[in-house]
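S.K.:
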Amino acid sequence: MKAAVLLFVSLLICPVFGQEDVKEKNMWNHFTYDVGNMFGGVGYAYSRPVHWKGNDWANFGYLTAGTLLLFTVDDELNDWKNGFRQDIPDVVMDYGHEYGSPENNYMLTGGVYLAGLFTKNEKLRRTGVLLISSATAGGFLQQVSKRIIGRARPKSGESSDTFDPLHLDRIYDYDSFPSGHAMLAFSNAYAIAKQFKNPWVKGGIYAIGLVPGFVRVMDDFHWVSDVAFSTVLSIFIVESIDRYLDSKYDEKYNDNPKQVSWNLSFGPNTMGVSLHF
């Protein structure tokens, strides 16, 4: 009788533990799969120039030309913004400095990913992977570029065409280009905006993502050309990694790739980024 009771209890308990093991295994599998895609996304973004074609090189040319054009007026723009710096609310300035910092960036991106992992929401998981991959790709690139280029920050008191390049260590007054705050903040905004279809919601998220770059210009950490280049480059990085993730996840943002498109425009009377819905 006792043996029969023990057998009955075992039959009840074993499926429960089996289900828990499957749950744990599934979550662990998702986690390891996602981490692999994070690294894969970074590698994919870095390898894209090898595969660029005519339109890609044209956009890169527009980005370079636009940055150089802004470079010629950086000092004038910096003097101009000093005229209304004191009118910017402190809450905006504090938000701009804090939101774009790497530690706060990874708190946000990591939180989004873990929420998707624990709630078994693939779309949210994918968003977290996109956020982390984009931040890592952009963050590493801008850290290396700062040390190679060595552009003086406005707060150094030097002009915008002053450089002290090729430093392996960080020279704090000569690491202006590109802007890490602008790149991280707008990468997040652009990736999160992919969750929404409403153009007004997207526009609002983009505007919030532009604040850190604006604040860094206002507080003499960066020139306008630093922030403009970093913002556009972050779009390229996010789009590149998102295409890579299309082949890795069933949940996609790009089912209708023509719904939203970015194009650079440059000519005698126009320069900038155009957004088409």
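Whatever position you read off the sequence shown (first residue = 1), add 5 for this note's numbering. Using N, Cα and C, we set each Cβ at its ideal position, and we do this for glycine too. Given the structure is predicted, the values throughout are model-derived calculations rather than measurements.
Considering only residues of the same chain and omitting the five flanking positions on each side of residue 283, which have a CB-CB separation below 6 Å?
M.R.: The structure shown has nothing for residue 283, since the chain only spans 6 to 282.
S.K.: If you count every other CB in all the chains shown that lies within 10 Å of the CB of residue 101, and 16 or more means buried, which is it?
M.R.: Buried is the call here.
S.K.: Kindly give me the distance between the Cβ atoms of residue 231 and residue 184, rounded to whole angstroms, as I take these residues to be in contact under 8 Å.
M.R.: Their Cβ separation, rounded to whole angstroms, is 5 Å, which keeps residue 231 and residue 184 in contact under 8 Å.
S.K.: Roughly how many angstroms separate the alpha carbons of residue 213 and residue 251, rounded to a whole number?
M.R.: So the alpha carbons of these two residues sit roughly 26 Å apart.
S.K.: Assuming residue 187 contacts residue 236 (C-beta within less than 8 Å), just tell me the rounded distance between them.
M.R.: Their Cβ separation, rounded to whole angstroms, is 5 Å, which keeps residue 187 and residue 236 in contact under 8 Å.
S.K.: Would the stretch 155-174 and the stretch 201-211 be scored as touching if the rule is three or more Cβ pairs under 8 Å?
M.R.: With a cut-off of 8 Å, the stretch 201-211 and the stretch 155-174 do not count as touching, because too few Cβ pairs lie within range.
S.K.: Could you give the C-beta distance for residue 234 and residue 68, rounded to a whole number, given that I count them as a contact under 8 Å?
M.R.: At roughly 7 Å, the Cβ-Cβ gap stays under 8 Å, so residue 234 and residue 68 are in contact.
S.K.: Using three-state DSSP, classify residue 175 as helix, strand or coil.
M.R.: Residue 175 falls in the coil class under three-state DSSP.
S.K.: Classify residue 129: buried if its beta carbon has 16 or more other beta carbons within 10 angstroms, exposed otherwise.
M.R.: Buried: at least 16 other Cβ atoms inside 10 Å.
S.K.: By DSSP, does residue 156 sit in helix, in strand, or in coil?
M.R.: Strand at residue 156.
S.K.: Quick one: which unbroken beta strand (DSSP E) runs of 3-plus residues sit fully inside the stretch 86-156? Chain order, please.
M.R.: Counting only runs of 3 or more, we get nothing.
S.K.: Go ahead and label residue 43 buried or exposed: buried means 16 or more other beta carbons lie within 10 angstroms of its beta carbon, across all protein chains shown.
M.R.: It counts as buried.
S.K.: If you check the beta carbons only, do residue 190 and residue 49 fall under 8 Å apart?
M.R.: No.
S.K.: What's the call for residue 139, buried or exposed, on a 16-neighbour Cβ count within 10 Å?
M.R.: By the neighbour-count rule (16 or more Cβ atoms within 10 Å), residue 139 is buried.
S.K.: Am I right that residue 135 and residue 224 are in contact with their C-beta atoms under 8 Å? What's the rounded C-beta distance?
M.R.: In fact, because the Cβ distance is near 29 Å, the residues do not count as touching under 8 Å.
S.K.: Use the C-beta contact count for residue 40: other C-beta atoms within 10 angstroms, 16 or more gives buried, fewer gives exposed.
M.R.: Counting Cβ neighbours within 10 Å, residue 40 comes out exposed, since fewer than 16 surround it.
S.K.: On the DSSP bridge list, what partners appear for residue 168?
M.R.: For residue 168, which the question treats as bridged, DSSP gives the partners 156.
S.K.: Nearest-angstrom Cα distance between residue 82 and residue 204?
M.R.: Straight-line Cα distance between these residues: approximately 30 Å.
S.K.: Considering only the alpha carbon of each residue, which of 178, 222 and 238 lies closest to residue 80?
M.R.: The shortest Cα separation from residue 80 among 178, 222 and 238 belongs to 222.
S.K.: What is the DSSP secondary structure of residue 227, reduced to helix, strand or coil?
M.R.: Coil, per DSSP.
S.K.: With distances taken Cα to Cα, identify the nearest neighbour of residue 85 among 241, 131, 229 and 244.
M.R.: Per the Cα distances, 229.
S.K.: Use the C-beta contact count for residue 28: other C-beta atoms within 10 angstroms, 16 or more gives buried, fewer gives exposed.
M.R.: Model confidence at residue 28 stands at a pLDDT of 45, short of 50, so the residue's coordinates are unreliable and nothing is read from them.
S.K.: Going along the chain, which residues of its own chain have a beta-carbon closer than 8 Å to the beta-carbon of residue 97, five neighbours each way excluded?
M.R.: Same-chain partners within the cutoff: 216 and 220.
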